[in-house]
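Shown next, in structure tokens, is the structure this report addresses.
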Amino acid sequence: GESVGLHLPTLSVQEGDNSIINCAYSNSASDYFIWYKQESGKGPQFIIDIRSNMDKRQGQRVTVLLNKTVKHLSLQIAATQPGDSAVYFCYTGMRFGAGTRLTVKP
Amino acid sequence: DAMVIQNPRYQVTQFGKPVTLSCSQTLNHNVMYWYQQKSSQAPKLLFHYYDKDFNNEADTPDNFQSRRPNTSFCFLDIRSPGLGDAAMYLCATSRERTGVSEQFFGPGTRLTVL
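Line order of the protein sequences matches chains A and B.
So in my numbering, the last one in the first sequence is 108, and the numbering has no gaps at all.
So in my numbering, the last one in the second sequence is 143, and the numbering has no gaps at all.
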């Protein structure tokens, strides 16, 4: 079955630094990938997506990179802010990854 | 604003007492999902509806049932809640099946089983 996992369960960064959150997936047939942000007590919120015909996509302060060769997905957050503190999930097919808790220190 | 609404936000039930959680959407999306999320874990898909077509995950216990009487509403029925069913239950919608469009999540219902 599908296996979607993250390398780092927790990440702590200083305000203003860049953050990188990683995700590995196992289903090579996956062709659509999403990053969600979940704040405490709330449902997951869409951040950015990417399709398998791309290897990079940029949003506002966020960039998603897709490496299909090694089945790896990453989310980069530029100039991390306290409001970015949350759990981040990658999502592909019908599965969420394990999640990474990002803590931003002021 | 168009959104996904879940009621109630907090639900307390007794062990073995049936409980129903509600979800409604104003997005007019074809697909509605129910997830179970336990503390510090990823949401786990229980089942989803594509229009009226019900799709159950293989490992979803029989204790969990769902109804979708119309496009806007979807219900999660837990027939005999056990202590292990205490969790956050998330409803989500998407325009098309997952794999081609993002999901929009409600705020969740936190279920406590006494």
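Every residue, glycine too, gets a C-beta built ideally from N, C-alpha and C.
Predicted model, so just to flag it, every value in this text is computed and none were measured.
Residue-chain proximity (residue i, chain A), Cβ-Cβ < 7 Å
i: F134(B); result: yes
i: P72(B); result: yes
i: V60(B); result: no
i: L119(B); result: yes
i: E125(B); result: no
i: G113(B); result: no
i: G45(B); result: no
C-beta neighbour in chain B for residue i, strict 7 Å
i: F91(A); result: yes
i: G101(A); result: yes
i: G18(A); result: no
i: K70(A); result: no
i: G61(A); result: no
i: K44(A); result: yes
i: F48(A); result: yes
i: H9(A); result: Low confidence applies here, because H9(A) scores a pLDDT of 45, under 50, leaving its location unreliable and the question unanswered by this model.
i: I22(A); result: no
i: I79(A); result: no
i: I52(A); result: no
heavy atom of the ligand PLP below 6 Å from residue i C-beta
i: F104(B); result: Among the components modelled here there is no ligand, and therefore nothing to report on the ligand PLP.
Option nearest residue i by Cα separation, candidates the options
i: M96(A); options: R124(B), Q132(B) and T100(B); result: Q132(B)
i: P136(B); options: D82(B), T100(B) and L50(B); result: L50(B)
i: P46(A); options: G61(A), Y93(A), V106(A) and T105(A); result: Y93(A)
i: D106(B); options: T138(B), K67(B) and S130(B); result: T138(B)
i: N24(A); options: D33(A), L13(A) and G18(A); result: L13(A)
i: L56(B); options: G113(B), T100(B) and S109(B); result: T100(B)
i: K58(A); options: D86(A), Q16(A), G18(A) and L68(A); result: L68(A)
i: M32(B); options: V41(B), Y39(B), Q54(B) and V48(B); result: Q54(B)
i: G18(A); options: R103(A), I79(A) and S42(A); result: I79(A)
i: Y27(A); options: T105(A), K70(A), K44(A) and D86(A); result: K70(A)
i: K67(B); options: S130(B), Y118(B) and F134(B); result: Y118(B)
i: Y34(A); options: F48(A), K44(A), N55(A) and N20(A); result: N55(A)
i: S42(A); options: D86(A), L77(A) and F98(A); result: D86(A)
i: F134(B); options: D88(B), P37(B), R38(B) and Y62(B); result: Y62(B)
i: V72(A); options: P108(A), S32(A), T102(A) and F91(A); result: S32(A)
i: T1(A); options: K44(A), G61(A) and P84(A); result: Lying before the first or after the last residue shown, residue 1(A) is absent from chain A, which here runs from 3 to 108.
i: Q70(B); options: P37(B), A116(B) and V129(B); result: A116(B)
Residues that DSSP places opposite residue i in a beta bridge
i: A121(B); result: Y62(B) and F134(B)
i: N20(A); result: In the DSSP output, where bridge partners are listed per residue, N20(A) has none listed.
i: K70(A); result: K70(A) is not bridged to any residue.
i: D82(B); result: Y79(B)
i: R103(A); result: T12(A) and V89(A)
i: V41(B); result: T141(B)
i: L105(B); result: L50(B) and S95(B)
i: Q35(B); result: C52(B)
i: K67(B); result: Bridge partners of K67(B): none, in fact.
Cutoff 7 Å: residue i Cβ touching any chain C Cβ
i: M96(A); result: This model lacks chain C altogether, as its protein chains are A and B.
Cβ-Cβ separation, residue j to residue i (assumed contact under 8 Å), whole Å
i: K39(A); j: A88(A); result: 5 Å
i: L143(B); j: Q43(B); result: 5 Å
i: R126(B); j: Y79(B); result: 6 Å
i: S109(B); j: V60(B); result: Contact doesn't hold; Cβ gap of about 28 Å is too wide.
i: I50(A); j: V64(A); result: 5 Å
i: F93(B); j: N84(B); result: Not quite, the Cβ-Cβ distance comes to about 13 Å (not below 8 Å), so this is no contact.
i: Q65(B); j: C120(B); result: The pair is not a contact, with the Cβ atoms about 11 Å apart (cut-off 8 Å).
Which runs of the beta strand (DSSP E) fall wholly inside the segment 23–90 of chain A and span at least 3 residues, in chain order? Listed in chain order, the beta strand (DSSP E) runs fully inside the segment 23–90 of chain A are 34–40, 47–53, 58–60, 64–69 and 74–79, counting runs of at least 3 residues.
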